[in-house]
Ligand code: PEP
Ligand code: MG
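In UniProt numbering, the protein residues as written are 1 to 893.
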């Protein structure tokens, strides 16, 4: 046995602070902050924290405590007894304590608090005489039995509430506070009986026994289902464990000079610099949140007629609280969420932590704190979670609005939307044209659904992951989307969707929340987003520090305009295949693919040229001199093949061949694995007339816009799915030839670049050779992830959640760039590419380009820009700033 004793227990309060705010890992957030508050002179009732290490030891040793824990707890308890002059279990002057859990981060799934621990049939009488208030003492005892009985012994808390309700009826009163000491004493007797009947044992009377059982319940609750689920959803490792805080009780329920309250040092929903919170006179902790009585405002300025503010009711304690507010903000340099109690006009602090806030509030608080000099601009930039900015760019559900949950899927594209259910893109379009709000519900979407997706307010799919077609397109369009809602069954035949025994028919309303993945029945009230001045200020600061440029993936004028409005510095990916799904064009595309020979293809391609030229003219005009990366056609062929006899017949007629021929050709073209098939530059190499036409359209458009506006467009032509250096040589030559032809024809020229996507492992491995014919590389990390993992983008959603839940993959690699594998290839390709061409421009245009942690990786890998969907541009600007600051810190430390 080792003779070095591990310290399992840390004291706080009464000038014996062994902890600090920086010790959250060991003491949990609550314990660390209690010690910190006490050490800066704030009034904290004394207590002690049992460390998170005990939790881990306890749960891994079959619920056994470390041998020397008991002695350390006894010592710590004795110190508390000394500090407050009371003794645990003393029938005359009993010390009562609270027992609370406290993990590193706040964990709603954990055990609720137990207050007034130490009361029993004897000590309650001591409390009666010590406090001189029998009503208070019996009420405290019944609260203790109720909390301990439900959270530690597992008795349904409704059973306790029923007893109180009956007592109030019998006494002819409405409010709990109207019950007398004798009536509470009767409630206690019934509670004790209830516990004995429910658990088969009398309510534990020994305070030591009570304490150890409460401590055990906290540690045990770390492993309960609620907590496990919460950890899974928030990426919290199980081995973090929770701490337990045992603290001397102070009472907010001992009369009119007592109170309890919760507050934020600033308004957590707007960020305004006002003291925000509520309190209740003569109440204990849970009364404020339980909704039994209406809490009152803190400051008189915020009191409505009929309300009594704390400023008015308890002026001295309020004044002290204002000083605490000031002191806490100065000390923590952030908005705090505080819990306090006033006992006999004296203020006690029970908790402080950085307050949760909306994105609007986060921006305002950070900007104002930086402007007042409390924090630096860099610190302000680091304060705002870039992903939270999404909230500002889409409508969201009113958090207070009632709702009925139907099911859950993946939070594929943020924002909330309500509308009537439709099951086809055509119907979505038709109904939207009539002014109806619709939600398009599909098992999965395909490019042919784009018009319906565009017309819909939101999209729900039952299959597909975070980079499924529905998810990518919805994010690009800024449409809310829930994808992969596997618990929802869609029946196109009966036009219904059902989940958990409930059914919704076409034409009935649902609401989706693309930020949480939730699906609700009916309409839920929304709040419109506001982009405040602080948002702009923060973006300006971000732009000043970031070194990564931010571009956007955009192909429609609307996308391009949105991107520009949000600050995009160019287009990083224009997926030209998305330009061909328009009903006017798809026929020509199909003819091009289905034509049996070059001549047939050229005829079809010629029909597309004017459309493409028009598309590019619009984009160049909008981007006005900013770079525009246009990717030549990259269709998984199957997305363009005709479906059904009618479409086949139409193509047959257009090509002037018989039906059987076209049927055979369709069968020939169908692929077992289209994602690895005849797509990308393979198509451009086998059918060069397609890329020739696109290049011609780009150069003609660029010259036209240059002549029209005087600002020369900057076309960057990008070749997809290159895996062999020769592929880029061939396609580049084809583009250069088209450029020369257009320039000769028009008698004018324009600067342009030709580059490639790096989206296959082989391209990354051979990047030095590929770079010889490239002016730039853009990492297509969607396909690169797919091919590095051998994981289909469209099918992985079926089992990826299992992998992530079980820690086999740390994160969904389609959402957050896998540094270990995919990242290694990106780094290698970047280095190899720049070995060949030191100035080679590098960007990323996969979905990861809008993901903050992936953006940090891009910064480290030395990329020049990231490109993301239009609605993520502000997110990327801030994430890029944070990456730049992070890099600076790394270098200087
Ligand atoms: C990619 O593969 O990362 C990419 C951007 O191309 P797409 O998503 O169109 O395949
Ligand atoms: Mg790709």
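Ideal Cβ placement from N, Cα and C applies to all residues, glycine included.
Item, Value
"Which residue from 601, 884, 656, 854 puts its Cα closest to that of residue 387?", "854"
"Considering only C-alpha positions, which residue in the set 835, 362, 332 is nearest to residue 766?", "835"
"Can you tell me whether DSSP reads residue 339 as helix, strand or coil?", "strand"
"At a cut-off of 7 Å, would you count residue 263 as near ligand 1, judging by its Cβ distance to the nearest heavy atom?", "no"
"Output the distance between the C-alpha atoms of residue 9 and residue 53, rounded to the nearest integer angstrom.", "10 Å"
"Report the rounded CA-to-CA distance for residue 92 versus residue 23, giving the unit in angstroms.", "37 Å"
"Would a C-beta distance cut-off of 8 Å place residue 571 and residue 554 closer than the cut-off?", "yes"
"Which residue spans inside the region 773 to 850 form an unbroken beta strand (DSSP E) run of at least 3?", "776 to 779, 841 to 844"
"Express the C-alpha separation of residue 349 and residue 2 in angstroms, rounding to a whole number.", "Because residue 2 carries a pLDDT of 45, less than 50, the predicted location of this residue cannot be relied on, and the following value inherits that uncertainty. Cα to Cα, the separation comes out at about 39 Å."
"Given a cut-off of 8 Å, decide if residue 859 and residue 883 are closer than it, judged by their beta-carbon atoms.", "yes"
"Any beta carbon from chain C within less than 8 Å of residue 674's own beta carbon?", "No chain C appears in this structure, which consists of one protein chain only."
"Could you compute how far the alpha carbon of residue 894 sits from the alpha carbon of residue 442?", "With the chain running from 1 to 893 in the structure shown, residue 894 is simply not present."
"Can you name the residues that DSSP bridges to residue 279?", "261, 296"
"Taking its Cβ as the centre, do 16 or more other Cβ atoms sit within 10 Å of residue 70, making it buried, or is it exposed?", "exposed"
"Terminal residues of the continuous alpha helix (DSSP H) containing residue 137?", "134 to 147"
"Under the rule that 16 or more other beta-carbon atoms within 10 Å means buried, what is residue 899, buried or exposed?", "Since the first and last residues shown for the chain are 1 and 893, residue 899 lies out of range."
"Exposed or buried, which one is residue 508 when buried takes at least 16 other CB atoms within 10 Å?", "exposed"
"How is the alpha helix (DSSP H) around residue 274 delimited, first residue to last?", "Element bounds for residue 274: n/a, residue is neither H nor E."
"Which two residues bound the contiguous alpha helix (DSSP H) that contains residue 463?", "No alpha helix (DSSP H) contains residue 463, which DSSP labels as neither H nor E."
"Only counting runs of 3 or more residues, tell me where the beta strand (DSSP E) segments fall wholly within the region 357 to 424, in order along the chain.", "404 to 408, 410 to 413, 416 to 422"
"Kindly confirm or deny that the region 328 to 335 and the region 349 to 362 touch, where touching means at least three C-beta pairs closer than 8 Å.", "yes"
"Residues in the same chain with beta-carbon distance under 6 Å from residue 871, minus the five sequence neighbours each way, listed in chain order, please.", "393, 478"
"Should the region 117 to 135 be regarded as contacting the region 179 to 188, the criterion being three or more beta carbon pairs within less than 8 Å?", "yes"
"Are the region 803 to 811 and the region 712 to 720 touching by the rule of at least three beta carbon pairs closer than 8 Å?", "no"
"Taking just the CA atoms, how far does residue 345 sit from residue 316?", "7 Å"
"Report the rounded CA-to-CA distance for residue 415 versus residue 463, giving the unit in angstroms.", "20 Å"
"Quick check on this structure: which residue in 242, 172, 163, 188 has the alpha carbon closest to the alpha carbon of residue 58?", "242"
"Does DSSP classify residue 236 as helix, strand or coil?", "coil"
"Buried or exposed: which applies to residue 727, given that a residue is buried once 16 or more other Cβ atoms fall within 10 Å of its Cβ?", "buried"
"In this structure, what does DSSP give as the bridge partners for residue 628?", "571, 715"
"Who does residue 559 pair with in a DSSP beta bridge?", "Per DSSP, none; premise fails for residue 559."
"How about residue 668: is its Cβ closer than 7 Å to a heavy atom in ligand 2?", "no"
"Buried or exposed for residue 75, please, with buried defined as at least 16 other CB atoms from any protein chain shown within 10 angstroms of its CB.", "exposed"
"Pair every Cβ in the region 647 to 654 with every Cβ in the region 703 to 713, then say whether three or more of these pairs are closer than 8 Å.", "no"
"Report the three-state DSSP secondary structure of residue 346 (helix, strand or coil).", "strand"
"Would you tell me roughly how many angstroms separate the C-alpha atoms of residue 426 and residue 677, rounded to the nearest one?", "29 Å"
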